[in-house]
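Numbering (the UniProt record's numbering), first residue to last: 1 to 240.
Built from N, CA and C at the ideal position, the CB exists for glycine as well.
For clarity, every value in this text was computed on a predicted model and none was experimentally measured.
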(Lines of atoms letter the chains of each structure in order from A and count residues from 1; the text may use other names and numbers.)
(Lines give C-alpha, C1' and ligand atoms only; values in the text may rest on other atoms or scores of the structure.)
Protein backbone atom coordinates (compact mmCIF):
# COMPACT_ATOMS: atom_id res chain seq x y z
CA UNK A 1 0.00 0.00 0.00
CA UNK A 2 1.25 3.49 -0.88
CA UNK A 3 2.37 5.45 2.24
CA UNK A 4 0.04 8.34 3.08
CA UNK A 5 1.20 11.41 5.06
CA UNK A 6 -0.84 12.08 8.20
CA UNK A 7 -1.73 15.58 6.99
CA UNK A 8 -3.23 14.12 3.82
CA UNK A 9 -5.75 12.23 5.97
CA UNK A 10 -6.26 14.58 8.90
CA UNK A 11 -7.17 17.65 6.84
CA UNK A 12 -9.77 15.81 4.68
CA UNK A 13 -11.30 14.16 7.75
CA UNK A 14 -11.75 17.47 9.58
CA UNK A 15 -12.92 19.26 6.43
CA UNK A 16 -15.20 16.38 5.46
CA UNK A 17 -16.85 16.31 8.88
CA UNK A 18 -17.46 20.07 8.81
CA UNK A 19 -18.94 19.85 5.31
CA UNK A 20 -21.16 16.96 6.33
CA UNK A 21 -22.32 18.86 9.40
CA UNK A 22 -24.08 21.53 7.34
CA UNK A 23 -27.76 20.64 8.10
CA UNK A 24 -29.24 21.38 4.69
CA UNK A 25 -32.59 19.66 5.32
CA UNK A 26 -33.01 21.38 8.68
CA UNK A 27 -32.24 24.79 7.15
CA UNK A 28 -34.69 24.25 4.29
CA UNK A 29 -37.34 22.92 6.66
CA UNK A 30 -37.01 25.86 9.02
CA UNK A 31 -37.31 28.25 6.09
CA UNK A 32 -40.74 26.66 5.51
CA UNK A 33 -41.74 26.64 9.17
CA UNK A 34 -40.97 23.10 10.34
CA UNK A 35 -38.16 20.85 11.54
CA UNK A 36 -37.86 17.60 9.52
CA UNK A 37 -36.57 15.85 12.64
CA UNK A 38 -40.00 16.17 14.26
CA UNK A 39 -42.31 15.25 11.35
CA UNK A 40 -42.78 12.28 9.03
CA UNK A 41 -40.09 9.65 9.52
CA UNK A 42 -38.03 12.23 11.48
CA UNK A 43 -35.10 11.88 9.10
CA UNK A 44 -33.53 15.23 8.13
CA UNK A 45 -33.04 14.27 4.50
CA UNK A 46 -34.39 14.82 1.02
CA UNK A 47 -37.14 12.20 1.09
CA UNK A 48 -38.78 13.42 4.28
CA UNK A 49 -38.63 17.07 3.17
CA UNK A 50 -39.94 16.16 -0.29
CA UNK A 51 -42.97 14.40 1.16
CA UNK A 52 -43.87 17.58 3.03
CA UNK A 53 -42.89 20.28 0.52
CA UNK A 54 -42.79 18.58 -2.87
CA UNK A 55 -39.89 17.93 -5.23
CA UNK A 56 -39.19 21.52 -6.23
CA UNK A 57 -38.91 22.91 -2.72
CA UNK A 58 -36.90 19.89 -1.56
CA UNK A 59 -34.43 20.09 -4.49
CA UNK A 60 -31.90 22.17 -2.48
CA UNK A 61 -31.76 19.34 0.07
CA UNK A 62 -31.04 16.79 -2.66
CA UNK A 63 -28.32 18.96 -4.19
CA UNK A 64 -26.84 20.03 -0.86
CA UNK A 65 -26.56 16.56 0.66
CA UNK A 66 -25.11 15.18 -2.58
CA UNK A 67 -22.55 17.98 -2.89
CA UNK A 68 -21.37 17.51 0.69
CA UNK A 69 -19.99 14.10 -0.25
CA UNK A 70 -18.58 15.35 -3.55
CA UNK A 71 -16.88 18.36 -1.95
CA UNK A 72 -15.37 16.18 0.78
CA UNK A 73 -14.04 13.73 -1.80
CA UNK A 74 -12.55 16.55 -3.87
CA UNK A 75 -10.90 17.95 -0.74
CA UNK A 76 -9.28 14.59 -0.07
CA UNK A 77 -8.19 14.39 -3.69
CA UNK A 78 -6.67 17.89 -3.65
CA UNK A 79 -4.79 17.46 -0.37
CA UNK A 80 -3.33 14.11 -1.46
CA UNK A 81 -2.06 15.34 -4.81
CA UNK A 82 -4.97 14.41 -7.07
CA UNK A 83 -3.92 10.86 -7.94
CA UNK A 84 -6.49 9.39 -10.33
CA UNK A 85 -6.57 6.40 -12.66
CA UNK A 86 -7.22 6.28 -16.42
CA UNK A 87 -11.02 6.62 -16.09
CA UNK A 88 -10.97 9.11 -13.22
CA UNK A 89 -11.10 6.70 -10.27
CA UNK A 90 -8.99 7.52 -7.20
CA UNK A 91 -5.56 5.97 -7.29
CA UNK A 92 -2.40 5.56 -5.24
CA UNK A 93 -1.90 8.00 -2.38
CA UNK A 94 -5.33 9.56 -2.94
CA UNK A 95 -7.34 6.45 -2.07
CA UNK A 96 -7.18 6.63 1.72
CA UNK A 97 -7.65 10.44 2.00
CA UNK A 98 -10.65 10.43 -0.34
CA UNK A 99 -12.36 7.51 1.39
CA UNK A 100 -11.59 9.06 4.78
CA UNK A 101 -13.01 12.42 3.69
CA UNK A 102 -16.23 10.88 2.35
CA UNK A 103 -16.61 8.76 5.49
CA UNK A 104 -16.10 11.85 7.64
CA UNK A 105 -18.71 13.76 5.63
CA UNK A 106 -21.15 10.90 6.21
CA UNK A 107 -20.37 11.02 9.93
CA UNK A 108 -20.94 14.78 9.89
CA UNK A 109 -24.27 14.29 8.16
CA UNK A 110 -25.27 11.65 10.73
CA UNK A 111 -24.06 13.62 13.79
CA UNK A 112 -23.83 17.26 12.68
CA UNK A 113 -22.06 19.60 15.07
CA UNK A 114 -24.22 22.46 13.75
CA UNK A 115 -27.53 20.71 14.49
CA UNK A 116 -27.25 19.12 17.91
CA UNK A 117 -25.77 15.82 16.64
CA UNK A 118 -29.21 14.86 15.25
CA UNK A 119 -28.66 14.07 11.59
CA UNK A 120 -29.70 11.85 8.72
CA UNK A 121 -28.85 8.53 7.12
CA UNK A 122 -26.07 9.63 4.75
CA UNK A 123 -27.32 8.05 1.51
CA UNK A 124 -26.98 11.12 -0.71
CA UNK A 125 -23.70 12.14 0.92
CA UNK A 126 -22.31 8.69 0.14
CA UNK A 127 -23.54 8.86 -3.46
CA UNK A 128 -21.97 12.30 -3.89
CA UNK A 129 -18.68 10.90 -2.62
CA UNK A 130 -18.86 8.09 -5.18
CA UNK A 131 -18.75 10.74 -7.92
CA UNK A 132 -15.14 11.33 -6.83
CA UNK A 133 -14.21 7.81 -5.73
CA UNK A 134 -15.24 6.23 -9.03
CA UNK A 135 -16.89 8.51 -11.62
CA UNK A 136 -17.71 5.64 -14.05
CA UNK A 137 -19.60 3.73 -11.34
CA UNK A 138 -21.42 6.93 -10.40
CA UNK A 139 -22.44 7.50 -14.03
CA UNK A 140 -23.59 3.91 -14.47
CA UNK A 141 -25.56 4.23 -11.24
CA UNK A 142 -27.38 7.26 -12.63
CA UNK A 143 -28.22 5.28 -15.76
CA UNK A 144 -29.46 2.36 -13.68
CA UNK A 145 -31.56 4.76 -11.62
CA UNK A 146 -33.23 6.08 -14.76
CA UNK A 147 -33.88 2.65 -16.26
CA UNK A 148 -35.22 1.11 -13.03
CA UNK A 149 -37.44 4.11 -12.36
CA UNK A 150 -38.84 3.94 -15.91
CA UNK A 151 -39.52 0.20 -15.65
CA UNK A 152 -41.01 0.16 -12.15
CA UNK A 153 -42.58 3.61 -12.17
CA UNK A 154 -41.04 4.22 -8.75
CA UNK A 155 -38.15 6.61 -8.09
CA UNK A 156 -37.71 5.08 -4.62
CA UNK A 157 -37.15 1.60 -6.07
CA UNK A 158 -34.83 2.98 -8.72
CA UNK A 159 -32.78 4.79 -6.08
CA UNK A 160 -32.45 1.67 -3.93
CA UNK A 161 -31.34 -0.49 -6.84
CA UNK A 162 -28.83 2.11 -8.01
CA UNK A 163 -27.29 2.70 -4.58
CA UNK A 164 -27.01 -0.99 -3.68
CA UNK A 165 -25.46 -1.71 -7.09
CA UNK A 166 -22.63 0.82 -6.76
CA UNK A 167 -20.00 -1.65 -5.43
CA UNK A 168 -20.72 -4.03 -8.32
CA UNK A 169 -20.61 -1.15 -10.80
CA UNK A 170 -17.27 -0.06 -9.35
CA UNK A 171 -15.64 -3.48 -9.64
CA UNK A 172 -14.68 -3.27 -13.36
CA UNK A 173 -12.82 0.00 -12.74
CA UNK A 174 -11.13 -0.46 -9.36
CA UNK A 175 -9.30 -3.10 -7.30
CA UNK A 176 -11.27 -5.28 -4.92
CA UNK A 177 -9.75 -3.42 -1.96
CA UNK A 178 -11.37 -0.19 -3.18
CA UNK A 179 -14.70 -1.95 -3.62
CA UNK A 180 -14.36 -3.28 -0.07
CA UNK A 181 -13.85 0.31 1.09
CA UNK A 182 -17.08 1.28 -0.66
CA UNK A 183 -18.81 -1.60 1.09
CA UNK A 184 -17.56 -0.31 4.44
CA UNK A 185 -19.06 3.11 3.71
CA UNK A 186 -22.35 1.39 2.87
CA UNK A 187 -22.36 -0.52 6.16
CA UNK A 188 -22.39 2.88 7.85
CA UNK A 189 -25.64 3.65 6.00
CA UNK A 190 -27.10 0.33 7.14
CA UNK A 191 -26.11 1.09 10.72
CA UNK A 192 -27.84 4.46 10.54
CA UNK A 193 -31.05 2.88 9.24
CA UNK A 194 -30.90 0.32 12.04
CA UNK A 195 -30.29 3.03 14.61
CA UNK A 196 -33.24 5.04 13.30
CA UNK A 197 -35.52 1.98 13.41
CA UNK A 198 -34.47 1.24 17.00
CA UNK A 199 -35.06 4.85 18.03
CA UNK A 200 -38.52 4.80 16.44
CA UNK A 201 -39.46 1.56 18.25
CA UNK A 202 -38.24 3.03 21.53
CA UNK A 203 -40.24 6.22 20.94
CA UNK A 204 -43.42 4.27 20.22
CA UNK A 205 -42.90 2.06 23.25
CA UNK A 206 -42.52 5.10 25.48
CA UNK A 207 -45.65 6.60 23.92
CA UNK A 208 -47.56 3.40 24.69
CA UNK A 209 -46.35 3.52 28.30
CA UNK A 210 -47.48 7.15 28.59
CA UNK A 211 -50.89 6.26 27.14
CA UNK A 212 -51.33 3.38 29.59
CA UNK A 213 -50.33 5.60 32.51
CA UNK A 214 -52.75 8.27 31.35
CA UNK A 215 -55.58 5.75 31.07
CA UNK A 216 -54.73 4.37 34.49
CA UNK A 217 -54.89 7.85 36.04
CA UNK A 218 -58.23 8.51 34.35
CA UNK A 219 -59.54 5.15 35.60
CA UNK A 220 -58.48 5.93 39.17
CA UNK A 221 -60.15 9.34 39.03
CA UNK A 222 -63.37 7.77 37.77
CA UNK A 223 -63.19 5.14 40.51
CA UNK A 224 -62.73 7.79 43.17
CA UNK A 225 -65.62 9.76 41.69
CA UNK A 226 -67.92 6.71 41.73
CA UNK A 227 -66.86 5.92 45.30
CA UNK A 228 -67.61 9.49 46.31
CA UNK A 229 -71.05 9.41 44.73
CA UNK A 230 -71.82 6.04 46.34
CA UNK A 231 -70.77 7.29 49.75
CA UNK A 232 -72.90 10.39 49.31
CA UNK A 233 -75.96 8.27 48.45
CA UNK A 234 -75.34 6.05 51.50
CA UNK A 235 -75.17 9.04 53.80
CA UNK A 236 -78.28 10.52 52.23
CA UNK A 237 -80.20 7.24 52.67
CA UNK A 238 -79.12 6.95 56.28
CA UNK A 239 -80.42 10.42 57.02
CA UNK A 240 -83.82 9.49 55.69
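Using three-state DSSP, classify residue i as helix, strand or coil.
i	result
residue 151	helix
residue 36	helix
residue 119	coil
residue 101	helix
residue 42	coil
residue 21	coil
residue 5	coil
residue 112	coil
For residue i, count neighbouring C-beta atoms within 10 Å of its own C-beta (all shown protein chains included) and say buried if the count is 16 or more, exposed if not.
i	result
residue 7	exposed
residue 183	exposed
residue 65	buried
residue 10	exposed
residue 49	buried
residue 129	buried
residue 70	buried
residue 73	buried
residue 80	buried
residue 192	buried
residue 199	exposed
residue 148	buried
residue 172	exposed
residue 115	buried
residue 151	exposed
residue 58	buried
Contact defined as beta carbons within less than 8 Å: I believe residue i pairs with residue j. What is the distance between those atoms, to the nearest angstrom?
i	j	result
residue 189	residue 123	6 Å
residue 145	residue 158	5 Å
residue 127	residue 163	6 Å
residue 109	residue 15	Incorrect: roughly 14 Å between the Cβ atoms, too far for contact.
residue 286	residue 196	Outside the displayed range of the chain (1 to 240) lies residue 286, so it cannot be described from this structure.
residue 4	residue 102	Going by Cβ atoms, the distance from residue 4 to residue 102 rounds to 15 Å, so no, they are not a contact pair.
residue 25	residue 54	Rounded, the Cβ-Cβ distance is 14 Å, inconsistent with contact.
residue 134	residue 176	Actually they are not in contact, since the Cβ atoms of residue 134 and residue 176 sit about 13 Å apart, beyond 8 Å.
residue 93	residue 37	Incorrect: roughly 39 Å between the Cβ atoms, too far for contact.
residue 23	residue 104	Residue 23 to residue 104, Cβ: 16 Å. No contact.
residue 52	residue 39	6 Å
residue 17	residue 137	Residue 17 to residue 137, Cβ: 24 Å. No contact.
residue 132	residue 87	The Cβ separation is near 13 Å, so there is no contact.
residue 82	residue 100	Residue 82 to residue 100, Cβ: 16 Å. No contact.
Quickly, what does DSSP pair residue i with across the bridge? List them, please.
i	result
residue 90	84
For this session: Kindly provide the ranges of any alpha helix (DSSP H) runs that are 4 or more residues long and lie completely inside the stretch 51-84, ordered along the chain.
Result: 55-79
Exercise. What residue ranges within the stretch 142-195 form continuous alpha helix (DSSP H) runs of no fewer than 4 residues, ordered along the chain?
Worked result: 155-170
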